[in-house]
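Line by line, the protein sequences give chains A and B. Under the numbering used here, the letters of the first sequence match residues 1238 to 1627, in that order. Under the numbering used here, the letters of the second sequence match residues 2 to 334, in that order. Ideal Cβ positions, reconstructed from N, Cα and C, are used throughout, including at glycine. What follows is a set of notes on a single structure, which appears directly below.
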Amino acid sequence: MTKSRTRVGPRGTRAPALDVDALLDDPATGIIVCCGSGGVGKTTTSAALALRAAERGRKVVVLTIDPARRLAQSMGIAELDNTPRPVADIDTADGGRLDAMMLDMKRTFDEVVESQASPDKAAQILQNPFYIALSSSFAGTQEYMAMEKLGQIHGTSVADGTYDLIVVDTPPSRSALDFLDAPERLSSFLDGRFIRLMLAPARGPARLMTAGLGIITNAMTRILGAQVLRDLQTFVAALDTVFGGFRQRAQKTYALLQAEGTAFLVVAAPEPDALREAAYFVERLSEDRMPLAGLIVNRASPVPAGTVSADEAMAAAERLRREDPHSSTAGMLRLHADQTRLVEREARLRRRFDAAHPQVATAVVPALAGDVHDLDGLRRVGELLAVRQG
Amino acid sequence: MSDWPKVRLHVVTGKGGTGKSTVAAALALALADSGKNVLLCEVEGRQGIARMFDVDPLPPEERRLTTGLPGADGEPGVVHALHIDPEAALLEYLSLYYKLGRAGRALDRFGVIEFATTIAPGVRDVLLTGKVFEAVQRNSRNKGAIQYDAVVLDGPPTGRIVQFLNVSNELAGLAKVGPIKSQSDTMMTLFRSPRTAVHLVTVLEEMPVQETADGIAQLREADLPVGGVVVNLVRPQDLSAEDLAVARAGTLDRARVASDLEAAGIEADTGLVDGLLAEARDHAERRALEDSQRVLVGGLGVPTYELPRLAQGVDLGALYELAASLRAQGMSS
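Following this line, the structure appears as structure tokens:
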């Protein structure tokens, strides 16, 4: 499925550190999309950015995918109802506001179908087992629906001025490609030979029943059974009527992502896998001419104080342990050594990333001791995001 | 003695960022002692195995990967690797079970293979699990194939694992009768049997531990056998419980630390002493959070194993060290 692709090396000039506040305060920033692999704190980052922007005076809506339960509760979006809800207890002194919503991907898909097809047709599609499976479990549907919802919210807020900034969290895609390719994949599926094949019997069997088709249909009947094949044909025939709508919408959303007011932030952790994914995102975004604002590296280990190297600290710890096997100073020196090595490794990984992608402005956020599950925690993350590292 | 003597299929899952692929690889090495053949499978299309073991990208067929962790007699078994690709799995499945001949090629030409593997609901997962099933339960159709003593699957993340293994449920809306239905039922029989164990990898933080608890509940609800919990990336244990308590209270003996440093030949300037004390305090706070999560993990009612966080990252040598640790803790014999 994953096509072979080429890499993209350094380009442009070296970027300064990422200025998060400038990005949030710029009235031209209308959409911020946070993307990155799973487990790097993308949802928390999106929520923290949205809260900070709102408390700095923007009218913000944040679209999250799968927040931790307690964080969702504290934002008042424990209900998955696909509608933005105001977040209570935020500081509105600067005239901002914050709404939040959790994406219900099946509901979003249903709404698209309902808006594109006649009530009869829509009902027929919504009940089809293939549609149910496609809308709730097809890899890529979640990505596509996040973009679809973004398009909807953007459309209404342009019309009535409800929001001037939309922050979007994206699903933890298996790879960078899933997320940007989802609209394309859905529409190429709808255009594909297979669909035309499935539609053929419905459109005048005798003429189109070539030898090849007969073989295919027979083979599929043997493997799937006749009922499944009939369901599939009904599904495809019904969806066919709304194809044009889907494709147009996908193209519109893609254009929206490429537009000036959009800013992509790639979120990563200082780990080889997460940074490798981040590199793919960065390269892919620039290939597709998507406006990349910068990289956020979460969970950075705190830099230890002093100039004692890891090796020195280990050697000193050994000497102390020889005198006193339970020396707590020895334990502290070993911790210092471990911390120093961790920080060195992370710094090396970031330097390598930077050498290949110097044009990407970066913000580094230190690891927090605990999880974030309330607005105060999000505020703290927001402050850390805004600190510009030299 | 292993905690899982009857298990042939070890499924490893975990939240993103917890190191589940590392644990799956280490477990495969640990299981492959003298005379054993172990297969390590990946299904997420990331070529993680090739990267971890520093070998060329894996083709969608079984390859000898490396030797296992030597057993008591000093002899290792063999670890094989398989990058399961849905298209290859479908074509293999069709040729094993249906003599399609020309029709098989026609299916490919008309985009049916692509449709089935990327778009058709549930089919992708069923093809991946079907191939895993075939590797565990080799039958006469696959002539000359290796019989494995154990198969380790580096599975999808915790949030998706039940859906992934629950194949008959996933296909329920599609195939109520027919050959696919009966094959998915056979697969479920293996996945629900004591010959399968689903291990969950976590780190000692709130969200991953919560997700692990949720995952266990979902697995039990779906009748899928829960294996152990592997707690990964555990912080170093260089300070004793008393030291940790003192560090947390902020009452570590400054003068003592300074004189120890001088005695060990390190110039104890204020910055360094302050830095060490602050690091110890921060570490003690994080250890306390870890301990509270460890209590929760202990309450899950399944065997638990712990692996250290390696400051230098995980290379080939580290994988064997982690394997030895898993074996010493009884995850393998």
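Starting from the N-terminal side, write out each stretch of the alpha helix (DSSP H) that is 4 residues or longer and does not extend beyond the stretch 179–229 of chain B. 180–192 and 207–222
Exercise for review: Could you name the residues of chain A that M208 (chain B) contacts, counting a contact when the two beta carbons are closer than 7 Å?
Suggested key: Against the second sequence, residue 208 (chain B) aligns to sequence position 207. The contacting residues are A1305 and D1608.
Using a Cβ cut-off of 9 Å (strictly closer), state whether E1549 (chain A) contacts chain B.
The residue labelled residue 1549 (chain A) in the question sits at position 312 within the first sequence. Interface residue, yes.
What are the residues that DSSP puts in a beta bridge with M1339 (chain A)? Against the first sequence, residue 1339 (chain A) aligns to sequence position 102. According to DSSP, which records beta bridges pairwise, M1339 (chain A) is partnered with A:T1301.
**Prompt:** What's the call for P1253 (chain A), buried or exposed, on a 16-neighbour Cβ count within 10 Å?
**Reply:** Within the first sequence, residue 1253 (chain A) is the residue found at index 16, counting from 1. By the neighbour-count rule (16 or more Cβ atoms within 10 Å), P1253 (chain A) is not buried but exposed.
Exercise for review: Using a Cβ cut-off of 9 Å (strictly closer), state whether H84 (chain B) contacts chain A.
Suggested key: Residue numbering aside, residue 84 (chain B) sits at position 83 when the second sequence is read from its first letter. Not one chain A Cβ lies under 9 Å of H84 (chain B).
Nearest to N130 (chain B) by alpha carbon, out of B:D186, B:D150, B:R288 and B:I114? Taking the first residue of the second sequence as 1, we reach residue 130 (chain B) at position 129. According to the sequence as given, residue 130 (chain B) is Thr; it is not Asn. Ranking the options by Cα distance to T130 (chain B), first place goes to B:D186.
Let me check understanding here. Comparing Cα to Cα, which of B:L308, B:L262 and B:V232 lies closest to E1560 (chain A)? To locate residue 1560 (chain A), count along the first sequence from 1; it is residue 323. The residue with the shortest Cα to Cα distance from E1560 (chain A) is B:L262.
| task | On a CA-only basis, which of B:G15, B:G36, B:S334 and B:D4 is nearest G156 (chain B)? Give me that one, please. | result | Translated into the one-based positions of the second sequence, residue 156 (chain B) becomes position 155. The candidate whose alpha carbon is nearest that of G156 (chain B) is B:G15.
**Study point:** Selection of the stretch 3–20 of chain B by Cβ proximity to chain A, strictly under 8 Å
**Key:** K16, G17, G18 and T19
*Any idea if R1476 (chain A) is buried or exposed, counting beta-carbon neighbours within 10 angstroms, 16 or more meaning buried?*
Numbered from 1 along the first sequence, position 239 holds the residue referred to as residue 1476 (chain A). One detail in the question is off: residue 1476 (chain A) reads as Leu in this sequence, not Arg. With 16 or more other Cβ atoms within 10 Å, it is buried.
- Query: Would you call N1455 (chain A) buried or exposed, if buried means 16 or more other Cβ atoms sit within 10 Å of its Cβ?
  - Reply: As a first step, residue 1455 (chain A) is located in the first sequence; it is residue number 218 there, counting from the start. With fewer than 16 Cβ atoms within 10 Å of its Cβ, N1455 (chain A) is classed as exposed.
Reduced DSSP category for I1362 (chain A) - H, G, I as helix; E, B as strand; rest coil = Along the first sequence, read from residue 1 onward, the residue named residue 1362 (chain A) stands at position 125. Helix.
Worksheet item: Just the Cα atoms here: how many angstroms apart are P237 (chain B) and S1564 (chain A)?
Response: Here residue 237 (chain B) corresponds to residue number 236 of the second sequence, with the count starting at 1. Here residue 1564 (chain A) corresponds to residue number 327 of the first sequence, with the count starting at 1. Answer to the nearest angstrom: the Cα atoms are 16 Å apart.
Item to check | Helix, strand or coil at L308 (chain B) according to DSSP, with G and I counted as helix | outcome: Position 307 of the second sequence, counting from 1, holds the residue named residue 308 (chain B). L308 (chain B) falls in the strand class under three-state DSSP.
- Hey, R65 (chain B) and A51 (chain B): beta-carbon distance below 9 Å or not? As a working mapping, residue 65 (chain B) is identified with position 64 in the second sequence. As a working mapping, residue 51 (chain B) is identified with position 50 in the second sequence. The answer is no: Cβ separation not under 9 Å.
Three-state secondary structure assigned by DSSP to N170 (chain B) = Here residue 170 (chain B) refers to the residue found at position 169 when the second sequence is read from its first residue. Three-state result, N170 (chain B): helix.
Just mark S241 (chain B) as buried or exposed, buried being the case when its beta carbon has 16 or more other beta carbons within 10 Å. Position 240 of the second sequence, counting from 1, holds the residue named residue 241 (chain B). Exposed.
Note to self: Less than 9 Å between the C-beta atoms of A1515 (chain A) and L1532 (chain A), yes or no?
What the structure shows: As a working note, residue 1515 (chain A) is residue 278 in the first sequence. As a working note, residue 1532 (chain A) is residue 295 in the first sequence. Closer than 9 Å, so yes.
Item checked: Straight-line gap, A1530 (chain A) to E1497 (chain A) (C-alpha atoms, nearest Å) -> Mapped onto the first sequence, residue 1530 (chain A) falls at position 293. Mapped onto the first sequence, residue 1497 (chain A) falls at position 260. Whole-angstrom Cα-Cα distance: 11 Å.
Just checking A1487 (chain A) against the ligand ZN - is the residue's beta carbon closer than 8 Å to any of the ligand's heavy atoms?
Among the components modelled here there is no ligand, and therefore nothing to report on the ligand ZN.
Which of the three DSSP states, helix, strand or coil, is assigned to E63 (chain B)?
As a working note, residue 63 (chain B) is residue 62 in the second sequence. Residue state, collapsed to three classes: coil.
For A329 (chain B), which residues in chain A fall below 8 Å Cβ to Cβ?
The count along the second sequence starts at 1 and reaches residue 329 (chain B) at position 328. The contacting residues do not exist; A329 (chain B) stays about 22 Å from chain A at best.
Verify the CB distance criterion: does V24 (chain B) have a CB-CB separation below 9 Å to chain A?
Here residue 24 (chain B) corresponds to residue number 23 of the second sequence, with the count starting at 1. V24 (chain B) does not count as touching chain A.
Quiz prompt | Interface partners of I1638 (chain A) on chain B, CB under 9 Å | solution = The structure shown does not extend to residue 1638 (chain A), since chain A spans only 1238 to 1627, so no value can be given for it.
What residues in the stretch 1257–1289 of chain A bring their beta carbon closer than 8 Å to a beta carbon of chain B? S1274, G1275, G1276 and V1277
Cut-off 7 Å between Cβ atoms - residues of its own chain near G1607 (chain A), not counting five sequence neighbours on either side: Counting from one through the first sequence, the residue named residue 1607 (chain A) turns up at place 370. Around G1607 (chain A): no qualifying Cβ.
Q. Counting only beta-carbon atoms, is G1614 (chain A) nearer than 9 Å to chain B?
A. By 1-based counting over the first sequence, the position of residue 1614 (chain A) is 377. G1614 (chain A) does not count as touching chain B.
- Query: If you draw a straight line from the alpha carbon of E1581 (chain A) to that of P6 (chain B), how long is it in whole angstroms?
  - Reply: As a working mapping, residue 1581 (chain A) is identified with position 344 in the first sequence. As a working mapping, residue 6 (chain B) is identified with position 5 in the second sequence. Roughly 42 Å separates the two Cα atoms.
Would L1622 (chain A) and A1325 (chain A) qualify as a contact pair, given that the criterion is a beta-carbon distance under 9 Å?
The sequence position of residue 1622 (chain A) within the first sequence is 385, counting from 1. The sequence position of residue 1325 (chain A) within the first sequence is 88, counting from 1. It is not a contact, given that the beta carbons lie outside the stated cut-off.
Assign D1357 (chain A) to one of two classes, buried (16 or more other C-beta atoms within 10 Å of its C-beta) or exposed (fewer than that).
Residue 1357 (chain A) sits at position 120 when you count from the first residue of the first sequence. Burial call: exposed.
*asked:* Quick check: the Cα distance between H1594 (chain A) and P1247 (chain A), rounded to an integer number of angstroms?
replied: Walking along the first sequence from the start, residue 1594 (chain A) turns up at place 357. Walking along the first sequence from the start, residue 1247 (chain A) turns up at place 10. Each residue's alpha carbon lies about 5 Å from the other.
Which whole-angstrom value describes the C-beta separation of R1293 (chain A) and D1336 (chain A), a residue pair presumed to lie in contact below a C-beta threshold of 8 Å?
-> For this step, residue 1293 (chain A) is matched to residue 56 along the first sequence. For this step, residue 1336 (chain A) is matched to residue 99 along the first sequence. The pair is not a contact, with the Cβ atoms about 16 Å apart (cut-off 8 Å).
Rounded Cβ spacing between G36 (chain B) and G78 (chain B) (contact assumed at less than 8 Å)
Along the second sequence, one-based indexing puts residue 36 (chain B) at 35. Along the second sequence, one-based indexing puts residue 78 (chain B) at 77. Confirmed, Cβ separation roughly 6 Å.
Excluding the 5 residues flanking R1251 (chain A) on each side, which residues of the same chain have their C-beta closer than 6 Å to its C-beta?
What you label residue 1251 (chain A) is simply residue 14 of the first sequence in a count that begins at 1. Hits under 6 Å: P1595.
### Message
I'd like to know if H284 (chain B) contacts chain A, where contact means its C-beta is closer than 9 Å to some C-beta of that chain.
### Response
Numbered from its first residue, the second sequence carries residue 284 (chain B) at position 283. It does: the Cβ of H284 (chain B) has a partner Cβ on chain A nearer than 9 Å.
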